[in-house]
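A.B. asks: Here it is, the structure, as structure tokens.
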Amino acid sequence: MVGVIRRMNKLNAQLVRIRNGPGAAVLPQDVTRIHMEFAHKFNNGHMGPRKFWQDALPRLKYWNPAVPMVVNRTHDQEGPATLTLYFREPGATLKSDVPQPGSSTDGFAKAPTPAEGERAVTIDMKNRRSEAILKEFMDKSGAVPVKPTAQDELLMREVEEREVQSRIDYERIRKLNEEAKREKAMLAQAQSEAAAIRGES
């Protein structure tokens with residue numbers, strides 16, 4: 409039963425974090441898709457884009473499940489780091505069968521050319537912090553931030569309190585284990601010394 413409660417608490421913590429925080433926003437209906445491209449490693453200006461992908465993009469997807477979001481990760485650390493927003497032109501009707509590339513970890517999912525009736529806006533993410541990338545994304549996309557509900561605010565406080573208590577418990581158990589190891593080592597040393605004395609007599 410304790411294990412079930414622990415798993416439920418962990419699941420609730422994950423859900424409340426994905427619903428709230430940087431990237432929790434509703435996109436306008438004219439945003440048709442999103443494409444990201446950046447390198448696998450942090451160096452050469454790709455740390456901010458990677459953090460945006462890890463933190464903000466899951467929340468954007470949670471609140472906008474119908475908007476395709478493609479991530480193209482490359483092994484070229486000198487290459488670009490871009491975020492492309494696609495918009496439906498006013499009054500345009502897009503084909504429902506426009507092909508959508510899948511995400512790639514080998515650089516094969518390049519940003520597609522805008523379809524007829526669509527326009528693209530590209531954000532240069534390289535050498536920028538994730539906060540700055542998110543701000544420009546919000547400004548250019550017109551996304552509306554989602555405010556936490558009263559229930560989520562309560563859940564977030566409970567999650568934080570549990571995490572604080574968990575760290576306290578972990579430290580207490582660590583100290584108890586260290587003390588037990590010291591006592592065991594001292595006992596072993598005493599037994600060894602006693603055996604040595606008996607051997608001499």
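Here the sequence shown stands for residues 409 to 609, where the numbers follow my numbering.
By construction, the Cβ of each residue, glycine as well, lies at the ideal position given by its N, Cα and C atoms.
Since the model is a prediction, treat every value here as computed from it, not as a measurement.
For Gly453 and Ile541, which I take to be in contact (beta-carbon distance under 8 Å), what is that distance rounded to the nearest angstrom?
C.D. replies: On the sequence shown, residue 453 is found 45 positions in, with the first residue counted as 1. On the sequence shown, residue 541 is found 133 positions in, with the first residue counted as 1. 12 Å between Cβ atoms; not a contact.
A.B. asks: Taking the beta carbon of Ile531 as the centre, do at least 16 other beta carbons fall within 10 Å, making it buried, or is it exposed?
C.D. replies: On the sequence shown, residue 531 is found 123 positions in, with the first residue counted as 1. Taking a 10 Å sphere around the C-beta of Ile531, we find 16 or more other C-beta atoms and assign the residue as buried.
A.B. asks: If you draw a straight line from the alpha carbon of Ala489 to that of Val479, how long is it in whole angstroms?
C.D. replies: For the purposes of this step, residue 489 is identified with residue 81 of the sequence shown, where counting begins at 1. For the purposes of this step, residue 479 is identified with residue 71 of the sequence shown, where counting begins at 1. Rounded to the nearest angstrom, the two C-alpha atoms are 11 Å apart.
A.B. asks: Suppose you measure from the CA of Arg458 to the CA of Arg590; what does that come to, to the nearest Å?
C.D. replies: Reading the sequence shown from its first residue, position 50 is the one you call residue 458. Reading the sequence shown from its first residue, position 182 is the one you call residue 590. Going from the Cα of Arg458 to the Cα of Arg590 covers about 44 Å.
A.B. asks: Leaving out five residues on either side along the sequence, give the residues of the same chain with a beta carbon under 8 Å from the beta carbon of Pro522.
C.D. replies: In the sequence shown, the residue the question calls residue 522 occupies position 114. These residues qualify, in order along the chain: Tyr494 and Ala528.
A.B. asks: Where do the ends of the alpha helix (DSSP H) carrying Leu468 lie?
C.D. replies: The sequence position of residue 468 within the sequence shown is 60, counting from 1. Here the alpha helix (DSSP H) through Leu468 covers Met455 to Trp471.
A.B. asks: What first and last residue would you give for the alpha helix (DSSP H) that runs through Ala528?
C.D. replies: As a first step, residue 528 must be located in the sequence shown, where it is residue number 120. Here Ala528 belongs to no alpha helix (DSSP H); instead the beta strand (DSSP E) covers Glu526 to Asp532.
A.B. asks: Taking all protein chains shown into account, decide if Thr594 is buried (16 or more other Cβ within 10 angstroms of its Cβ) or exposed.
C.D. replies: By 1-based counting over the sequence shown, the position of residue 594 is 186. The question names Thr, yet the displayed sequence has Met at residue 594. In this structure Met594 is exposed. Its beta-carbon is surrounded by fewer than 16 other beta-carbon atoms within 10 angstroms.
A.B. asks: For the alpha helix (DSSP H) that contains Glu617, what are its first and last residues?
C.D. replies: The requested residue 617 does not occur in the structure, where the chain is confined to residues 409 to 609.
A.B. asks: Would you report the Cα separation of Asn535 and Glu486, rounded to the nearest angstrom?
C.D. replies: Within the sequence shown, numbered from 1, the residue matching residue 535 stands at position 127. Within the sequence shown, numbered from 1, the residue matching residue 486 stands at position 78. Between the alpha carbons of Asn535 and Glu486 lies a distance of about 11 Å.
A.B. asks: Just reading off the beta strand (DSSP E) that Asn480 is part of, what are its end residues?
C.D. replies: For the purposes of this step, residue 480 is taken as the residue at position 72 of the sequence shown. Met477 to Thr482 is the extent of the beta strand (DSSP E) around Asn480.
A.B. asks: Could you check the C-alpha separation between Gly510 and Ala517 for me, to the nearest Å?
C.D. replies: Taking the sequence shown and counting its residues from 1, one reaches residue 510 at position 102. Taking the sequence shown and counting its residues from 1, one reaches residue 517 at position 109. The alpha-carbon atoms of Gly510 and Ala517 are separated by roughly 7 Å.
A.B. asks: Is the beta carbon of Thr440 sitting closer than 7 Å to the one on Arg496?
C.D. replies: Position 32 of the sequence shown, counted from the first residue, corresponds to residue 440. Position 88 of the sequence shown, counted from the first residue, corresponds to residue 496. In this structure, Arg496 lies closer than 7 Å to Thr440 by Cβ.
A.B. asks: Tell me whether the beta-carbon of Val475 lies closer than 7 Å to the beta-carbon of Asp560.
C.D. replies: Indexing the sequence shown from 1 puts residue 475 at position 67. Indexing the sequence shown from 1 puts residue 560 at position 152. Going by C-beta atoms, Val475 is not nearer than 7 Å to Asp560.
A.B. asks: Can the beta-carbon of His443 be found closer than 7 Å to that of Ala500?
C.D. replies: By one-based count along the sequence shown, residue 443 stands at place 35. By one-based count along the sequence shown, residue 500 stands at place 92. Not in contact: His443 and Ala500 (Cβ atoms no closer than 7 Å).
A.B. asks: Is it buried or exposed, Met533, if we count other Cβ atoms within 10 angstroms and call 16 or more buried?
C.D. replies: The count along the sequence shown starts at 1 and reaches residue 533 at position 125. Buried, by the Cβ-count rule.
A.B. asks: Per DSSP, which residues does Phe516 bridge with? Please list them.
C.D. replies: Here residue 516 is taken as the residue at index 108 of the sequence shown, counted from 1. DSSP output for Phe516 lists no bridge partner at all.
A.B. asks: Take Met477 and list the residues in its own chain whose beta-carbon comes closer than 6 Å to its own, dropping the five residues that flank it on each side.
C.D. replies: For the purposes of this step, residue 477 is identified with residue 69 of the sequence shown, where counting begins at 1. Annotation for Met477: Ile442 and Lys469 place their beta carbon closer than 6 Å to its own, counting only its chain and skipping 5 residues before and after.
A.B. asks: Applying the criterion that 16 or more other CB atoms from any shown protein chain within 10 Å of the CB defines a buried residue, is Gly431 buried or exposed?
C.D. replies: The residue labelled residue 431 in the question sits at position 23 within the sequence shown. Gly431 is buried by the Cβ-count criterion.
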